[in-house]
Each structure stands twice: as C-alpha cells, then as structure tokens.
Amino acid sequence: MYAAAVASSRPRDCGDLYASGQREDGIYSVFPIHHPAGFQVYCDMTTDGGGWTVIQRREDGSVNFFRGWESYREGFGKITGEHWLGLKQIHALSIQGNYELRIDLEDFENSTAYAQYGTFGVGLFSVDPDDDGYPLTVGDYSGNAGDSLLKHNGMKFTTKDRDNDHSENNCASFYHGAWWYRNCHTSNLNGQYLRGQHTSYADGIEWSSWTGWQYSLKFSEMKIRPTRDPENK
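Following full-length UniProt numbering, the numbering of the sequence shown begins with 1 at its first residue and continues without gaps.
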C-alpha cells in the first residue's frame, strides 16, 4: 500500500501535496522515490477529491503529439497546456505504490465523460522499463465514457520509430499517434487533433466506446493519484 504522506518539502506526487493541505490547481515540484531529482507536474486538486497528478492533456492542437520514442520517454509540451509528462516520469510515479487513473474527456458539443481505473501502472514489473517498453497495467473500470483502455492492458508502448504492438503494421504510424497499442486500438488519446467528425479512420483523439472511431475529441486529460480507501475519498 501507499505509505503515509511525507514532509511537504519533498512530496512524491500531488497526493502528498493534497495531504499536506494544498488545494490550488497548478504547477508543483514532486520527488518520486526513484526519481529523487524531481520534476514539475500539474496538480488537479479539485476533481473528485483532488490529489491528481496530470500525465497527459490535449485541449487545442497546439502541440504535435506524433513524435518518436525519446520524446515520449522524456516528455514534451507545456505543463499548463498540452503535454505528455513522459514515460520515465509516469513510471517513477506509478511504482511508488497503488495508483488509480482518471481520464476526463470533452467533445466539441461540450459534452463531457470520464473513465476511471482503480488499478494503474507503467512498467510495474520491469527491471529495465525502457528496454521493456513501459508496459501498461490497468483495470477496475468505472465511469460513463465506457472502457476503451482494458484492451491495452499488458501492452508495451509504441511510437512511430519503435514498434512494440501485435500488428503487422506499426500502429503508431498507421493511426498517427503513440500508445499502448495491441492490434491496434480502442483508444488513441495521443492521436491527431482533428476537431470532431473526420473521414479518416481512428487516427484522431479517439475514445471509441464513447464517440466511435471517427470522432476526434476536443479535450482529454489523464491523471493519477494514490489509491484511496473508499471511506477516505
């Protein structure tokens, strides 16, 4: 289980910051156990009880997400806007204990939905997570967006220059994104920013169980926090 919060001067994640009394959304520095140098993150302190560390955000198409392995490993974008935190950082966060994932979505008609997973991790069982491809662990879905991530459970991350999927093609190249593709996907949140209905197939910001394979979402935000006891949520 995730241990009690440490001193707020060395918070391991936004959950520690929330436990120390922080309630403002914004940029904070965190220091995961296996990444002691630390890095900056955006903390969501208001959604569903707060304490969320944001690991991905799409909102306006200002950042190119069709990138290679190194970019996805190290992270890119602007923390206050569109960004990918980095596989290395997500791994360092998620191996500290039990984490949950929340994905908030919005379409261009301003309808919203969410998917939440009580189990989440990246490279949880990897000796060398980079060499192993940062495999995804996810389960225990709840929400109203439908489950478009379970198919990707256990899969390694694939980019246009590193093919770890089960397809004869490179799914990242074919669907203009980067993800834990299998053969190929039911979600593609790092796909092209195509602004709603599109004639191409499944290459936008897709969450198929909610809007199908030819509707690219306006907004997505992925965020994680230490799993809480139900009575303490």
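All residues carry an ideal CB built from backbone N, CA and C; glycine is no exception. Being a predicted model, the structure only gives us computed values, none of them experimental.
Given residue i as reference, the closest of the options once Cα atoms are compared
i: Asn-64; options: Thr-53, Lys-218, His-83; result: His-83
i: Asn-190; options: Asp-60, Thr-47, Tyr-18; result: Asp-60
i: Gly-49; options: Arg-58, Thr-158, Gln-22; result: Gln-22
i: Thr-159; options: Asn-170, Leu-149, Leu-150; result: Asn-170
i: Pro-36; options: Lys-88, Thr-186, Gly-68; result: Lys-88
i: Gln-116; options: Tyr-72, Thr-47, Trp-69, Leu-124; result: Thr-47
i: Ser-209; options: Glu-24, Tyr-141, Ser-167, Gly-68; result: Tyr-141
i: Asp-130; options: Glu-100, Ser-167, Trp-69; result: Trp-69
i: Ser-71; options: Gly-121, Ser-167, Ala-178; result: Ala-178
i: Ser-126; options: Ser-20, Ser-111, Ile-95; result: Ile-95
i: Pro-32; options: Gly-15, Gly-26, Ala-19; result: Gly-15
i: Cys-184; options: His-198, Thr-199, Glu-168; result: Glu-168
i: His-91; options: Gly-121, Ser-62, Thr-112, Phe-219; result: Gly-121
i: Phe-219; options: Arg-58, Thr-199, Ala-19, Ile-27; result: Arg-58
i: His-34; options: Asp-229, Arg-182, His-198, Leu-124; result: Leu-124
i: Asp-229; options: Arg-182, Tyr-28, Glu-100, His-198; result: Glu-100
Enclosing beta strand (DSSP E) for residue i [first to last residue]
i: Trp-52; result: 52–58
i: Ile-29; result: A quick correction: the sequence has Ser, not Ile, at residue 29. 26–30 is the extent of the beta strand (DSSP E) around Ser-29.
i: Ser-220; result: 219–226
i: residue 234; result: Only positions 1 to 233 of the chain appear in this structure, which leaves residue 234 out of reach.
Cutoff 7 Å; reference residue i; Cβ partners in own chain excluding five residues on either side
i: Arg-195; result: Phe-108, Ser-216
i: Lys-223; result: Asp-44, Trp-52, Thr-53, Val-54, Ile-55, Arg-102
i: Thr-211; result: Asp-107, Leu-217
i: Ser-173; result: Lys-160
i: Tyr-24; result: With the sequence shown as reference, residue 24 is identified as Glu, and Tyr is not the correct amino acid for it. Hits under 7 Å: Met-45.
i: Asn-110; result: none
i: Arg-73; result: Gly-86, Leu-87, Lys-88, Asp-130
i: Arg-182; result: Lys-151, His-152, Met-155, Asp-165, His-166
i: Gly-38; result: Ser-29, Val-30, Phe-31
i: His-198; result: Gly-204, Gln-214, Ser-216
Spatial neighbours of residue i in its chain, beta-carbon cut-off 6 Å, leaving aside the 5 residues before and after
i: Lys-156; result: Gly-133, Pro-135, Asn-164
i: Asp-104; result: Tyr-114, Glu-221
i: Asp-13; result: Val-30, Thr-53, Leu-93
i: Pro-11; result: Leu-17, Val-30
i: residue 302; result: One cannot answer for residue 302 here, as it falls past the ends of the chain, which runs 1 to 233.
i: Leu-149; result: Val-138, Ser-187
i: Trp-180; result: Leu-136, His-152, Met-155, Phe-157
i: Leu-85; result: Ile-55, Gly-75
i: Ser-62; result: Glu-82
i: residue 243; result: The structure shown does not extend to residue 243, since the chain is modelled only from 1 through 233, so no value can be given for it.
i: Gly-26; result: none
Start and end residues, alpha helix (DSSP H) containing residue i
i: Asp-16; result: 14–19
i: Ser-209; result: 208–211
Chain-order list of residues whose beta-carbon lies under 8 Å from that of residue i (same chain, five-residue window excluded)
i: Asp-128; result: none
i: Trp-213; result: Tyr-201, Ala-202, Glu-206
(message) Does the stretch 41–61 come into contact with the stretch 76–88, if we say contact requires no fewer than three beta-carbon pairs (one atom in each stretch) closer than 8 Å?
(response) Below 8 Å, enough C-beta pairs join the stretch 41–61 and the stretch 76–88 to call them touching: three or more.
(request) Enumerate, from N- to C-terminal direction, the unbroken beta strand (DSSP E) stretches of 3 or more residues contained entirely within the stretch 63–117. (result) Within the stretch 63–117, the runs of beta strand (DSSP E) that reach at least 3 residues and sit entirely inside it are, in chain order, 99–106.
(message) Assess contact between the stretch 141–150 and the stretch 159–174, defined as three or more Cβ pairs (one per stretch) separated by less than 8 Å. Is contact present?
(response) Contact between the stretch 141–150 and the stretch 159–174 is absent: fewer than three C-beta pairs spanning the two stretches fall below 8 Å.
(message) What ranges does the beta strand (DSSP E) occupy inside the stretch 125–191, keeping only unbroken runs of at least 3 residues that lie completely in it?
(response) Listed in chain order, they are 136–143.
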